[in-house]
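Taking numbering that gives the first Met the number 0, I'd label the letters of the sequence shown as residues 0 to 50. In this text, a Cβ means the ideal position worked out from N, Cα and C, and glycines have one as well. A short worksheet on the structure shown next.
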Amino acid sequence: MDKLEADKKFYLENLQETISARKSLDQNKEIYAREKYFMQKPNEEIYIIED
């Protein structure tokens, strides 16, 4: 029973993250593409800084 409760909690959290990502995608397609896939405009340089 505890396993089922843990699975339920995991999937509900995952669902919230997915809903948030979809809402972000619908509202800001350009920003989403730039941040998620490192897309760029012509004549623009992208710098990726990792910690």
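Take S23, set aside five residues on each side of it, and the residues of its chain with a beta-carbon closer than 7 Å to its own are Y31, in chain order. At a Cβ-Cβ threshold of 8 Å, I45 and F37 count as neighbours. For D1, the enclosing alpha helix (DSSP H) has its first and last residue at D1 to Q26.
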